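K.L.:
Going down the list, the sequences are from chains A, Y and S.
Position 9, counted from 1, in the first sequence is what the numbering used here calls 9; the numbers after and before it change by one each time, with no gaps.
Each number in the numbering used here comes from the position in the second sequence (counting from 1) with 1000 added on.
Each number in the numbering used here comes from the position in the third sequence (counting from 1) with 2000 added on.
Where is the CB? At the ideal position from N, CA and C, for every residue including glycine.
If you're wondering where the values come from, they're calculated on a predicted model, not measured in any experiment.
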Amino acid sequence: MREFNYLNPASITETLEFLHTYGEKAKVLAGGTDLLIELRKDEGPAGLEVVLNIAHFSELQYIKADDEWIRIGSGTTHAQLATSELLLENIRALAHAARTVGSPQIRNRGTVGGNILNASPAADTVPVLVALDAVLTFKSLTGEREVPITDIYVKPYKTNVRPDELLTEVAFKRLSPTATSAFIKLGRRNALAISRMNVAVILDTDANGNISELRIAAGSTTPKPGRTRTAEAVLIGQQPTEELINEAAKKVSEEMIAITGYRWSTEYKEPVIEALVRRAICKALEVRP
Amino acid sequence: MKKTMLNLTVNDKKYTVEVNPNQRLVDFLRDELNLTGTKEGCGVGECGACTVIMNGRIVNSCLVLAAQAEGAVITTIEGVKGSEGELHPIQQAFIEKGAVQCGYCTPGMVLSTKALLDKNPAPNVEEIKEGISGNLCRCTGYQQIIEAVQEAAKRLK
Amino acid sequence: MYKYIRQAVPKVDVAEKVTGAAKYAGDLKFDNMLYAKTVYSEHPHAVIKKIDISAALAIKGVVAVFTEADVPGTNELFGGFHVLTGDKVRFIGDAVALVLAKDVATAEKARKAVKVEYEPLPAVFTIEDAMAPEAPQIHAFAPGNIVDNSRYHLIKGDMEAGFKAADRIFEREYETQFVEHAYIEPEAMVAVPGFFDKSITVYGSLQSPFAVRGSVADALSWNLSQVRVIQTVIGGTFGGKDEIAMVLATRVAVAAVLTGHPVKLVLTREESILESSKRHPYRIRFKVGVKEDGTITAMESEVVAKGGGYNNKAQFTNWRASIHATGPYRVPNIRTEVYGVYTNTVYGGAMRGFSSPQTIFAVESLMDELADELKLDPVEIRMRNVLGPGDETPSSQALGPGKIPAPLPQMIEELIRETDFLNKRAEYAKVNAGSIKRGIGLAVSFRGAGLGGEGLDATGAIVSVQADGSVTILGGLTENGQGMKTTHCQIVAEVLGISIDRIIYPNIDTMTVPDGGPTVASRGTLVGGKAMALAAGEVRDRMLQVAAEMLKCMPTELEIRDEKIFSTVNPELAVQYTDVVKKAKDIGIMLASLSWFSPGLSNLDHKTGQGDAFPTYVWGAVVAEVEVDTETGKVAVTKVTSSHDVGTLINPKGAKGQIYGGIVMGQGMGVLEEIEEEDGLLETNNLDEYLIPTAMDIPEMDIVIVETDDTFGPFGAKSLGEPATEIPAAAIANAVAHATGRRIRHLPLNLERVLLGHKLTRKGAKP
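1. Could you confirm whether any beta carbon from chain A is found closer than 9 Å to the beta carbon of S2041 (chain S)?
2. Per DSSP, H2746 (chain S) is paired with what?
3. Please report how far the alpha carbon of P1089 (chain Y) lies from the alpha carbon of V2147 (chain S), in whole angstroms.
4. Within its chain, find whatever has a CB closer than 8 Å to the CB of D124 (chain A); leave out the 5 residues flanking it on each side and keep chain order.
5. Counting only Cβ-Cβ distances shorter than 8 Å, please list the residues of the segment 1036–1050 of chain Y near chain A, keeping chain order.
6. Please tell me whether I2184 (chain S) has its Cβ less than 9 Å away from any Cβ of chain Y.
7. Run through chain Y and tell me which residues come within less than 8 Å of F4 (chain A), C-beta to C-beta.
8. Out of S:P2136, S:D2541, S:R2540, S:L2477, which one is the CA nearest neighbour of G2516 (chain S)?
9. Within the same chain, show all residues whose beta-carbon is closer than 7 Å to that of E2117 (chain S), passing over the 5 residues directly before and after it, in chain order.
10. Is the CB of G1098 (chain Y) under 9 Å away from at least one CB in chain S?
11. What residues in its chain sit with their C-beta under 6 Å from that of D2094 (chain S), if we drop five residues either side in the sequence?
12. If you draw a straight line from the C-alpha of T2556 (chain S) to the C-alpha of A2493 (chain S), how long is it?
13. Can you tell which of S:E2016, S:L2121, S:F2210, S:A2101 has its C-alpha closest to the C-alpha of N2223 (chain S)?
14. Answer yes if the segment 2559–2572 of chain S comes into contact with the segment 2608–2625 of chain S, meaning at least three C-beta pairs across the two stretches below 8 Å, and no otherwise.
15. Mapping DSSP to helix, strand and coil, what is G73 (chain A)?
16. Cβ of A2680 (chain S) within 9 Å of Cβ of P2044 (chain S)?
17. Chain S partners of V1073 (chain Y), CB-CB under 9 Å?
18. Please name the residue or residues paired with W2596 (chain S) in a DSSP beta bridge.
19. How do the segment 2725–2739 of chain S and the segment 2361–2375 of chain S stand: do at least 3 beta-carbon pairs fall below 8 Å, yes or no?
20. Check L2374 (chain S) in the structure and name its three-state DSSP category.
21. Taking 9 Å as the threshold (C-beta atoms), are T1009 (chain Y) and L1035 (chain Y) in contact?
22. Beta-carbon of L29 (chain A) versus every beta-carbon of chain Y: anything under 9 Å?
23. Based on the DSSP output, what are the partners of P2120 (chain S) in its beta bridges?
24. Closest Cβ-Cβ distance between P2699 (chain S) and chain A: below 9 Å?
25. Nearest to G2620 (chain S) by alpha carbon, out of S:H2644, S:R2213, S:K2639?
26. Which residue's Cα is closest to the Cα of L52 (chain A): A:T76, A:I12, A:Q61?
27. I'd like to know if the segment 2680–2696 of chain S and the segment 2090–2107 of chain S are in contact, where contact means that at least 3 CB-CB pairs between them fall below 8 Å.
28. Using the three-state DSSP reduction, which class does E1161 (chain Y) fall into: helix, strand or coil?
29. Considering only C-alpha positions, which residue in the set A:D66, A:L167, A:P225 is nearest to L60 (chain A)?
30. Just to confirm, are T2297 (chain S) and F2421 (chain S) a CB contact at a threshold of 9 Å?
31. In terms of residue numbering, what span does the beta strand (DSSP E) encompassing I2334 (chain S) cover?
32. In chain order, which alpha helix (DSSP H) runs of at least 4 residues are fully inside the segment 2091–2147 of chain S?
33. Given a threshold of 16 other Cβ atoms within 10 Å of its Cβ, counted over all protein chains shown, does R2251 (chain S) qualify as buried or as exposed?
34. So for D1027 (chain Y), helix, strand or coil by DSSP?
35. Compare the C-alpha of V2830 (chain S) against each of S:G2524, S:I2587, S:N2570 and name the closest.
36. Can you tell me which of Y:G1085, Y:P1021, Y:L1116, Y:Q1101 puts its alpha carbon nearest to the alpha carbon of A1069 (chain Y)?
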């Protein structure tokens, strides 16, 4: 175990003060399901001096909605996401994705903020949040800023979040009442599984059954998460035929290869991500009201 | 490293102690309180042998710093007891159904079962499987553990 | 009618386990105890030039740092393993130094401060590399990197004639992976110097206490009698806590003797995976001749075990493989060759099944492939060739009534009926239009029980009745969670006619019982149980003599049941067990016995593998059903039906536990588990990368128990722990091939292999 001092701030403001003081020498600790694993390794976080606990802030644990936005506190656990009535009604895929994380023990501790900031390409809630065009709120002593989730990622396990900033909220606009969502995860086993790949889809259709909105985000395909707009464009304004769904799925794999090049794992990932995208689109279509 | 103060309740007993900032809850329970029924199997939250109930929910005590348990109410296997000195019905069911082989996963399994049944007194098989999915067992193939959870649910009715 | 045998008696040692009171080695604490951490190699193959311990010693709280030079006795142990490696490292789990400190954190810090200078050597990582001409040599005593003492043959009949008689000849190659035992308790060991004399006590998570004792005595240059080894409660072993336990015990014992302190060493999971043995990967090549009707005429096989940096088991696993490599089939002409090779990788050792999971995967895959080629179904090809009464085993042991039971043909027929195998097979083939394809597969096996020709099999037991009627029993084998203590208690209670609650069965202690050998080869019930039955029988005979004196009758007319000793001639004539015990004490009769059981040396010609390889055999058959996602390669094992011949079923609940556990362990080998390496370095370091099945992965499981009249074991019981484990992976592989129409000849059947037919690594595709 690495050595460090432990700070247990009394308030968010005090947390921000500590972050301001310690900067890169501090690590924020919430659920600990990723950080404690890193702290156990010799090669863990460089220059670490203090661990800053925020797990006790109930003010960071909420899921609430107004007419336009759904807002989730960064300290909300996966277990809370998975069982949230609000999410299950409005954006099922997010609750579903949270439920596939790790195990009950992990879900009871691990937080959505941690899942976002750990920046693992295999994070399960991230593709859904990307598909939701989620906006992150960061606070610091110098103020508050809102950033689209996709803007913070630099490469796997690396973000551009400033060391004095604290993620406090992730928010996204409510979907239209007719919109549906789907999350598909491929893991090697059915619990305690890291996603080999995953896909989130949000989809809406108009009165004619044409797809009016489509957002597709895949995980573990590219170094940084993002929507595949070329794939979305294939289906938007169209009737969802098998042929077009296949074409959209193909676009996802094409974009993956365009970004990563043909790597050692592409032989597997290329056909499989297409299948997962197809399935996610079909699942989102199936659950339409 | 500066020691940090910790107040918590473990198995209905209150403690106020100083702990190292980098001490994990599992080490605190085992080394300081001598509650060695909590086991460590992987140190990365994968095997669930170190499962304890913290504020009503199961957690991997290898992924919680002791200091983070400030104000927490914790139940370890040593705190799982039946009435009048008897074994807890979950423990009885584990014995009766042959759910124990080497026993190393058992404390964690019993605690996961307890947390599950506290919330959901009549789980179906799928819910039981999910409830113990964070506890790896290499001996039993889980079957008799699942049967024990069903039996315990019956007894606790 | 038995009172305890055949009854689902709850385990005798589990109350402590459900309350958390049971002490495992890592739970033990002693005053002034030091904590040890090992400095491991940084290279898979390198000469050690220099070890600088000065910086480590300078750290506050560090008590000592030991290297090879400090080992007082023999540093090189069994199989070339070392207490601490001094000359050169042969794999990355080699231990080059041991640090001792007042706490674990300080020991960790000091370990990093030990500076070791290496000169890296060219290395070999695969069977092919190891056997290449000019390959780097790992051990001076092993030219060509061949583990020479592990080479075995089974030679029978006339190969030329056999192949001539065939209509068709097929050649196939299969390969298996390194499989980790993944016991949930990582290894832990504590050594405590003697309080009263020059002695050392080692408490540990171990399964072969006498082998541990021998190693410790060697390392210290002490007598065996000065070394006491006590098994703590053990958190799983499955054959794994053997070499590693011996090596770790020598490390803590040497440190304890040199420092005069108790020393504790607990491995992290990463260290456990790094340093402990694995199930050997096998590469198995067959050339087989068959007639059009499926009759096998000849089988040639070459079985090569990937041994790793050191070897202590291939000579045993390979011998077993040589007897079983052609499966439970009538093959008139056989030429089998088995050997192991050294590689600069983690090493192979004993793991539940002991070469059979590998050979069964190969031979049962082969049988299905032959069936496909000959347009037969999997049942037909097996029934055409399967061993039954009147046949002879590959080593030419006679099967049949009055001889070794051979129930496999009936077992297969029943299992096929029970699982609706043939209908499902036809039906799945029809409905498999979508991306999720269903499949059903069969695999069968036979297994020699006990050590057989592997080595002399013998073990002892002590049954000692105390003055208050309680009974202490001590055995030469270990409880590993499999329920051996419960089985032994059942046997003793049955023989003595007393309540099982009277029996106390302490953990094995090398000071109290004679060397009973290792707890391997499913010997717990078969050999250990027999010794218990013999010891209890002797005590029973003495009790009857005492009772006969009390009742003034003949001992031969007496029986004990429910703690009452009574005359079968005149049931009025009776006396209580406790009164007999008191009387015996009064008149100076010892109600204790040490018994010894050995089936004797097997009569086997090791040049040809012909003769009495094993005293008896157990038989098994498994049907697995799967759903294969052909778009992702994911295999869901949906149902496994497992049928086993157990002789006499001693404990139905315990037996089921062994079978369920075996099925899921087999499932892991079949579809999930693999220790992956790249250039001798581990890619799979913890249980987040080495994936064993969770509760959400298990199939529906059905068990069929078959009892046969086998006279060898206690009450006719045989063994089950390994048979239950060795077949499922093969059945799953056959089910996957049935579902997809594509045969994969390498385990595990993970996502990539099932989808693409090969594995993916950073260095490209591998089979």
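P.N.:
From the atom records:
1. By this cut-off, S2041 (chain S) is not an interface position.
2. Partner(s): S:E2175.
3. Their backbone Cα atoms lie some 53 Å apart in a straight line.
4. Excluding residues within five positions, the ones whose Cβ falls inside 8 Å are A97, A98, T100, V101, N115, F183, K185, S195, N198, G219.
5. Flagged, chain order: G1043, V1044, G1045, E1046, G1048.
6. It does; some Cβ of chain Y falls within 9 Å.
7. Within 8 Å Cβ-Cβ: M1001, P1021, N1022.
8. Comparing Cα positions, the closest option is S:L2477.
9. Only K2049, K2050 meet the Cβ criterion.
10. Yes, G1098 (chain Y) lies at the interface with chain S (some Cβ there is under 9 Å from its Cβ).
11. Counting only Cβ-Cβ distances below 6 Å, and skipping sequence neighbours, we find S2041, T2085.
12. In this structure, the straight-line span from the alpha carbon of T2556 (chain S) to that of A2493 (chain S) is close to 20 Å.
13. Checking every option, the nearest Cα to that of N2223 (chain S) belongs to S:F2210.
14. Contact fails: fewer than three Cβ-Cβ distances are below 8 Å.
15. The three-state secondary structure of G73 (chain A), taken from DSSP, is strand.
16. Sequence check: residue 2680 (chain S) is Gly here, not Ala. Cβ distance < 9 Å, so G2680 (chain S) and P2044 (chain S) count as in contact.
17. Going along chain S, no residue has its Cβ under 9 Å from V1073 (chain Y), so there is no contact; the nearest lies around 18 Å.
18. According to DSSP, which records beta bridges pairwise, W2596 (chain S) is partnered with S:G2460.
19. The way I'd put it, the segment 2725–2739 of chain S does touch the segment 2361–2375 of chain S; three or more beta-carbon pairs between them come closer than 8 Å.
20. Collapsing the DSSP output to three states places L2374 (chain S) in coil.
21. Result no, Cβ atoms of L1035 (chain Y) and T1009 (chain Y) do not sit closer than 9 Å.
22. Put simply, the CB of L29 (chain A) is near chain Y, with a gap under 9 Å to one of its CB atoms.
23. DSSP output for P2120 (chain S) lists S:A2046 as bridge partner(s).
24. Interface residue (Cβ-Cβ distance to chain A less than 9 Å): P2699 (chain S) is not classified as such.
25. That would be S:H2644, whose Cα lies nearest to the Cα of G2620 (chain S).
26. Closest option to L52 (chain A), Cα to Cα, is A:I12.
27. Verdict: yes, contact present.
28. Lying before the first or after the last residue shown, residue 1161 (chain Y) is absent from chain Y, which here runs from 1001 to 1157.
29. Checked all of A:D66, A:L167, A:P225; the closest Cα to L60 (chain A) is A:L167.
30. The beta carbons of T2297 (chain S) and F2421 (chain S) sit no closer together than 9 Å.
31. Start and end: 2334–2342.
32. Within the segment 2091–2147 of chain S, the complete alpha helix (DSSP H) runs of at least 4 residues are 2104–2113, 2127–2131.
33. Under this definition R2251 (chain S) is a buried residue.
34. Under the three-state reduction of DSSP, D1027 (chain Y) is assigned to helix.
35. The structure shown does not extend to residue 2830 (chain S), since chain S is modelled only from 2001 through 2767, so no value can be given for it.
36. It is Y:P1021.
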